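A.B. asks: Before we start, here is the structure in question, set down as structure tokens.
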Amino acid sequence: MELNETPNQTCIQACIACATACNQCFAACLQEVDVKMMARCIALDVDCAAMCSLAANAMARKSEHAQAICALCAKVCRACGDECAKHDAQHCKACAEACYQCADECAAMTSAH
Numbered sequence: 000m001e002l003n004e005t006p007n008q009t010c011i012q013a014c015i016a017c018a019t020a021c022n023q024c025f026a027a028c029l030q031e032v033d034v035k036m037m038a039r040c041i042a043l044d045v046d047c048a049a050m051c052s053l054a055a056n057a058m059a060r061k062s063e064h065a066q067a068i069c070a071l072c073a074k075v076c077r078a079c080g081d082e083c084a085k086h087d088a089q090h091c092k093a094c095a096e097a098c099y100q101c102a103d104e105c106a107a108m109t110s111a112h
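Count the sequence shown with numbering that gives the first Met the number 0 and you get residues 0 to 112, in order.
Here you go:
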């Protein structure tokens, strides 16, 4: 294992990718014609991006709470993914995919410990 790697590197990377996708989706949703229709998507994007950043940081620093944070992260990611999957916009579809990937990685991380 390299110096900057942690046992949860795959999960950390999934969390970072998901946070990025959620931030991109959030910004793109604000440009949609009917922004009000995207309100729940936007709110969940913000929550999910924040949760994923928290989870990645907790794992990187080997926080004693990383497992609990990742369990909650998986739940938030699934909710965000489910909402994004309801929309036809490409940014929402990409976000849903990243959310489901992250949820799976976080669930696996919590069951591995």
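Quick reminder that beta carbons are idealized off the backbone N, C-alpha and C, glycines included.
Source: prediction; values computed, not measured.
Tell whether a beta-carbon distance below 8 Å holds between C76 and A59.
C.D. replies: Locating residue 76 in the sequence shown gives position 77, counting from the first residue. Locating residue 59 in the sequence shown gives position 60, counting from the first residue. Going by C-beta atoms, C76 is not nearer than 8 Å to A59.
A.B. asks: On the three-state DSSP scale, how would you describe S110?
C.D. replies: Mapped onto the sequence shown, residue 110 falls at position 111. The answer is helix: DSSP assigns S110 an H, G or I state.
A.B. asks: Just how far apart, CA to CA, sit K61 and Q12?
C.D. replies: By 1-based counting over the sequence shown, the position of residue 61 is 62. By 1-based counting over the sequence shown, the position of residue 12 is 13. The alpha-carbon atoms of K61 and Q12 are separated by roughly 15 Å.
A.B. asks: Tell me the residue span of the alpha helix (DSSP H) that contains Q74.
C.D. replies: In the sequence shown, residue 74 corresponds to position 75, counting from 1. A quick correction: the sequence has Lys, not Gln, at residue 74. Note, K74: alpha helix (DSSP H), A65 to A84.
A.B. asks: Does H90 pass the burial test, meaning 16 or more other C-beta atoms within 10 Å, or should it be called exposed?
C.D. replies: Along the sequence shown, read from residue 1 onward, the residue named residue 90 stands at position 91. That one is buried.
A.B. asks: Can you tell me whether A67 is buried or exposed, with buried defined as 16 or more other CB within 10 angstroms of its CB?
C.D. replies: Translated into the one-based positions of the sequence shown, residue 67 becomes position 68. Result: exposed.
A.B. asks: Kindly indicate which three-state DSSP category D87 falls into: helix, strand or coil?
C.D. replies: For the purposes of this step, residue 87 is identified with residue 88 of the sequence shown, where counting begins at 1. D87 falls in the coil class under three-state DSSP.
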